[in-house]
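Participant: For the sequence shown, our numbering begins at 14 and goes up steadily by one. Cβ coordinates follow ideal geometry from the N, Cα and C atoms, glycine included.
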Amino acid sequence: MPEPVPTIRNIAITALPHVLEARDLTARITAFLDARGVRSAHSSLYDEGFRRQVKAKEFDILLALGGDGTMLRAGHLCGPAQVPILGINLGRFGFLTEVEQDQWEMYIPRLLSGDYRLERRMMLSAEQWRGGEHLGTWDVLNEVVVGRGQILRPVHLTAHVDGRFLTTYVADALIAATPTGSTAYALAAGGPILPPELRNILLVAVAPHLSLDRAIVLAEGSSVSIIVHTDHQAVLSVDGQAPVVLADGDRVEAHASEHTVQFVRFQDPGYFYRSLTPHMSQNPSSGDHQ
């Protein structure tokens, strides 16, 4: 039996405020919903009042107008709140979005009628420890990266899986990625592509030097601990956010989160494989649009 989907009565809309086409599209979608008696509110993901409303589950769904960066930020907010996300692509790549900018009038009626499914994406919980002191926790949709800072020298990183020693990497960085993140930085570093419905952690070293140079897919439910050994700058970065400076001996732990991100999908589950070749061969970031 298909999973029942929520009835849509209240919709949140978010977009980057400085993007002119996003403001225009937000106004058009708002008018479209108003004409059908659907309540909506729109604001930036950086608006604390708006964020509180989403966390309080005042909305049945969030429309994210933008690219994959917008989808990541929306996921950080909506995953813990269990609010589904529909991505409308205004960006360059749009691997996580579902609807193209010129298709929204076709798909929003299907959303309102319940003609969609929810795709659940695994999140990670990442923690920073210094000795016995807990310094921070982050929700992660793509990846945790532990690596060197601005000084162009590799760091030594000791990795443990489920409390057991795995190996010591001498590398620019070590990536612990979700299946969603397997098509992001981990892919650029030579890692495999994982189907989005999996709940495994992927470990990929970046520029390893005389170290294990093969990606490792951990068993479902496994956790990883990464200990930094360095006499120069090392950093932690979560989903491409601003880096957190790490000290020698700091430990970063990552494991499957209790939260999942719910993406609205209108396509059948096979869409993921059908979209791989177009995305891989026509990366808009490269400037090659043949």
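Which value, in whole angstroms, describes the spacing of the CA atoms of Arg-161 and Ser-195?
Facilitator: For Arg-161 and Ser-195, the distance between alpha carbons rounds to 21 angstroms.
Participant: Would you say Ile-42 reaches chain B, if we count a Cβ-Cβ gap shorter than 8 angstroms as a contact?
Facilitator: Looking at the structure shown, chain B is missing, and only one protein chain is on hand.
Participant: Answer yes or no: do Ser-270 and Asp-152 have a C-beta to C-beta separation smaller than 8 angstroms?
Facilitator: Yes; because the gap between Cβ atoms is below 8 angstroms, this pair is in contact.
Participant: With Ser-126 as the anchor, note down where its alpha helix (DSSP H) starts and where it stops.
Facilitator: Unbroken alpha helix (DSSP H) run through Ser-126: 117-126.
Participant: Can you tell me whether DSSP reads Ile-188 as helix, strand or coil?
Facilitator: In this structure, Ile-188 counts as strand in the three-state DSSP scheme.
Participant: What whole-angstrom Cβ distance do Thr-171 and Ile-240 have, given they're in contact under 8 angstroms?
Facilitator: So it is a contact: roughly 4 angstroms between Cβ atoms.
Participant: For Gly-107 and His-89, what's the separation of their Cα atoms in angstroms?
Facilitator: Cα-Cα distance, rounded: 17 angstroms.
Participant: Kindly provide the ranges of any beta strand (DSSP E) runs that are 3 or more residues long and lie completely inside the stretch 189-235, ordered along the chain.
Facilitator: Whole beta strand (DSSP E) segments, 3+ residues: 215-219.
Participant: Quick one: using the 10 Å Cβ neighbour count with 16 as the cut-off for buried, is His-272 buried or exposed?
Facilitator: His-272 is buried by the Cβ-count criterion.
Participant: How many Å lie between Ile-21 and Asp-73 at the Cα?
Facilitator: If you take the alpha carbons of Ile-21 and Asp-73, they lie about 6 angstroms apart.
Participant: For Thr-279, tell me which candidate among Leu-109, Tyr-59, Ser-238, Leu-223 has the shortest Cα-Cα distance.
Facilitator: The sequence shown places Phe at residue 279, rather than the Thr named in the question. Nearest C-alpha to Phe-279: Leu-109.
Participant: How many angstroms separate the CA atom of Ala-220 from the CA atom of Arg-166?
Facilitator: Distance between the alpha carbons of Ala-220 and Arg-166 is about 11 angstroms.
Participant: Three or more beta-carbon pairs under 8 angstroms between the stretch 228-236 and the stretch 209-218, yes or no?
Facilitator: Flag = yes, the stretch 228-236 and the stretch 209-218 touch.
Participant: What does DSSP give as the partner residue(s) for Ala-77 in the beta ladder?
Facilitator: Partner(s): Thr-27, Gly-100.
Participant: Gly-283: which of Thr-193, Pro-209, Asp-60 sits nearest, CA to CA?
Facilitator: Nearest option by C-alpha distance: Pro-209.
Participant: Please report how far the alpha carbon of Leu-285 lies from the alpha carbon of Asp-244, in whole angstroms.
Facilitator: Reading the sequence as shown, one finds Phe at residue 285 and not Leu. If I take the Cα positions, the gap works out to 43 angstroms.
Participant: According to DSSP, is Pro-19 helix, strand or coil?
Facilitator: Note: Pro-19 maps to coil in three-state DSSP.
Participant: At 3 residues or longer, and completely inside the stretch 231-267: list those beta strand (DSSP E) runs for me, N to C.
Facilitator: You should have 237-242, 247-251, 257-259.
Participant: Under 7 angstroms Cβ to Cβ from Tyr-120, same chain only, skipping five residues before and after it: list those, please.
Facilitator: Contacts found: Val-112, Phe-279.
Participant: Could you tell me the alpha carbon to alpha carbon distance between Ser-288 and Glu-132, rounded to whole angstroms?
Facilitator: Answer to the nearest angstrom: the Cα atoms are 16 angstroms apart.
Participant: Classify Ser-238: buried if its beta carbon has 16 or more other beta carbons within 10 angstroms, exposed otherwise.
Facilitator: Classification for Ser-238: buried.
Participant: Taking one C-beta from the stretch 39-57 and one from the stretch 22-31 each time, how about it: are there three or more such pairs within less than 8 angstroms?
Facilitator: The stretch 39-57, when compared against the stretch 22-31, does touch it at the 8 angstroms Cβ threshold.
Participant: Cβ atoms of Leu-137 and Val-157: under 8 angstroms apart, would you say?
Facilitator: Going by C-beta atoms, Val-157 is nearer than 8 angstroms to Leu-137.
Participant: What would DSSP say about Phe-63, mapped onto helix, strand or coil?
Facilitator: If DSSP states are grouped into helix, strand and coil, Phe-63 belongs with the helices.
Participant: Count the other CB atoms within 10 Å of the CB of Pro-17; is the residue buried (16 or more) or exposed (fewer)?
Facilitator: So Pro-17 ends up on the exposed side.
Participant: Look at the alpha carbon of Asp-301 and the alpha carbon of Gly-80, and state the distance between them as a whole number of angstroms.
Facilitator: In this prediction, Asp-301 has a pLDDT of 42, which is less than 50 and means its spatial position is unreliable; nothing more can be read from the coordinates.
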